[in-house]
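*Asks:* In the numbering used here, each number is its position in the sequence shown, counted from 1, plus 5.
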Amino acid sequence: EMEEKNIFLEHELRSMTDSAKERIRHVSEDVYKRVAQTLNDEIKRLYTLIEEFDRPFTSERNQIP
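Take a look at the structure:
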């Protein structure tokens, strides 16, 4: 009887562990996709800002506001 309980508990623990790993994998994939999309959006926005910038770029100290 004790052996059966141990086997059952081991099975349950393995099942819970596998379930937690699967949830972690899904969350990681979701976070990766969201971060990648946000970075892509910001890069596109940066290109737009550069294209709309109406003054020439300079590195001279007195020209930097």
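Each residue gets a CB set at the ideal place from its N, CA and C atoms; glycine is no exception. Source: prediction; values computed, not measured.
(1) Is threonine 63 helix, strand or coil when you go by DSSP?
(2) Have a look at alanine 41 and glutamate 9 and give me their C-alpha separation to the nearest angstrom.
(3) What span of residues does the alpha helix (DSSP H) with phenylalanine 13 cover, start to end?
*Replies:* Quick look at the numbers:
(1) Annotated three-state conformation of threonine 63 is coil, per DSSP.
(2) Those two C-alpha atoms are separated by around 48 Å.
(3) Start and end: 7-57.
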